[in-house]
Each structure stands twice: as structure tokens, then as C-alpha cells.
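In what follows, a single structure is set out as C-alpha cells and then discussed.
Residue numbers (the numbering used here): 414 to 658.
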């Protein structure tokens, strides 16, 4: 059985096309999960709506606790890390991480950054080999088995995808990929909707293309599970790009 961890980070609770001011990124994750369930109902899915229920921001107690060896942690330290432990446990258990997120002011929403800060953690998802200091002492602890991350994003503007004219201002997917690679999740797939601010045919074409790519990605990942369940085939999906006609 495959385990999915589904995160939605949009501040908008509804779905685009169904609810007023609904979320396009939630629409993509809903499509992905629905398609996945349709063909693999036996798989388990843990859902976290971090857009509506954000993880805690890091504070002094968290930092003091996280950098104290477990055998020396006091009870209040274990309590300070309880939320992080739960989030890390969910991530470790996942074979497929599905993240739905908008691009807010060229980066990720604060709740998603809070989630990243809670799960990128010394001794749980990243280790240190002091013999490799000072060059590259970090050891990704989640490379013990193949894990996939599916990043489904929505952007107001156009041209923020790789190689496009606005790509240098997109710090969402590159930031997420860096953090996930750092802890050992290297099989990353990206699909995006663009043109919300433009609307009309531009947005409609982008939505249609993104939904098609989501369906294709689900099919490819599930086919890889059948043919090689212990080692997913890596297949990066590029961002959907709508062009004005």
C-alpha cells in the first residue's frame, strides 16, 4: 500500500470554478488525489490543510529543544517538539508528498514555510557527519527509500516557469525543491497554473493544460508503482504555460 501526504497551503478555502474566490492550487491537488483514489482506493492519504490551520512558527523553545540531544531533553523540550514530531512522522511515512500552493509575492505562503521549518530538522530528516566539516557535512535522512514530491502551484502572472522571462522572480518551486532535496526527497514533479490576473482564455487554457498534466502524472506514477513498486521512475513534469493567442 502506498501512502500519500496531501498539503494545501492556499489562504482560499474553496475550489476554483466551484466557490467564489476559490483556489486554483486546491483544485489541482483535489484533481490529483481524486484521480489517485479512483484507481488505487487501497492507498492511504493523510490530509493537512495548512492554509486554514497553519503550523506553528519556530520560536526560542523549539530551537533550544531541536538542538538538544534527545537523551538530554527535558519534558518541556519534548512538548515543544511534539507538533514537529507529528509532522515529521507524517512526512517520513509518505511515499508521495502532494503540495498545493499559490505563489505569494514571489515565494511560498507563510504556512508552507512554517511547515518546511517544522520538518527540516536535525536528527529527524537531516543528519551531520562531522568528519566532512566544513565542506558538506549534511546527510539527507529521507533518501532511505524512493519518495516523490508533487508540487502543484498557481500563479497570478505569466512567465514564471523555468526558462521563462519571469523565472528569476519565482522563489516558490526552487525554494521547495532545495529544502526537499536537502532532506532526501529528490524525485520532484511540478505543474502550475498561470494567468489568474489575466483571466479569460489565457487562464482557461492554462487550467486545462495543468489538469491534463495532473491526470498524466497520476497515470505515470501509478504505472511505475505496478512495474517497480520499490523504485518509482523519475519523471519531471514541467510547469503548464498558457500563451496569449
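The beta-carbon is built from N, C-alpha and C at its ideal position, and this holds for glycine as well.
Find the nearest neighbour of residue i within the set the options, judged by alpha-carbon distance.
i           : options               : result
residue 584 : 493, 597, 484 and 566 : 566
residue 504 : 493, 531 and 432      : 531
residue 447 : 637, 641 and 630      : 630
residue 523 : 511, 487, 471 and 570 : 471
residue 580 : 561, 558, 593 and 605 : 605
residue 637 : 453, 439, 595 and 489 : 453
Please classify residue i as buried or exposed, where buried requires at least 16 neighbouring CB atoms within 10 angstroms.
i           : result
residue 639 : exposed
residue 485 : exposed
residue 434 : exposed
residue 436 : buried
residue 538 : buried
Expressed to the nearest angstrom, what Euclidean distance is found between the alpha-carbon atoms of residue i and residue j?
i           : j           : result
residue 469 : residue 477 : 15 Å
residue 441 : residue 563 : 11 Å
residue 520 : residue 641 : 35 Å
residue 654 : residue 600 : For residue 654, the predicted model reports a pLDDT of 30, less than 50, meaning its position is unreliable and no value from the coordinates is stated.
residue 622 : residue 613 : 14 Å
residue 558 : residue 506 : 11 Å
So, at 8 Å on beta carbons, what are the nonlocal neighbours of residue i in its own chain, with the 5 sequence-adjacent residues on each side left out?
i           : result
residue 455 : 414
If I measure Cβ to Cβ from residue i and keep anything under 6 Å in the same chain, skipping five residues before and after, which residues do I get?
i           : result
residue 525 : 422 and 514
residue 528 : 463 and 468
Under 7 Å Cβ to Cβ from residue i, same chain only, skipping five residues before and after it: list those, please.
i           : result
residue 445 : 511, 563, 565, 627 and 631
residue 578 : 572
Segment contact, 8 Å Cβ cut-off, at least three pairs: the segment 460-467 with the segment 419-431:
yes
Taking 8 Å as the cut-off, does the segment 510-519 touch the segment 484-500 (at least 3 CB pairs, one atom from each stretch)?
no
Hey, is the segment 551-558 in contact with the segment 487-495, meaning 3+ C-beta pairs nearer than 8 Å?
no
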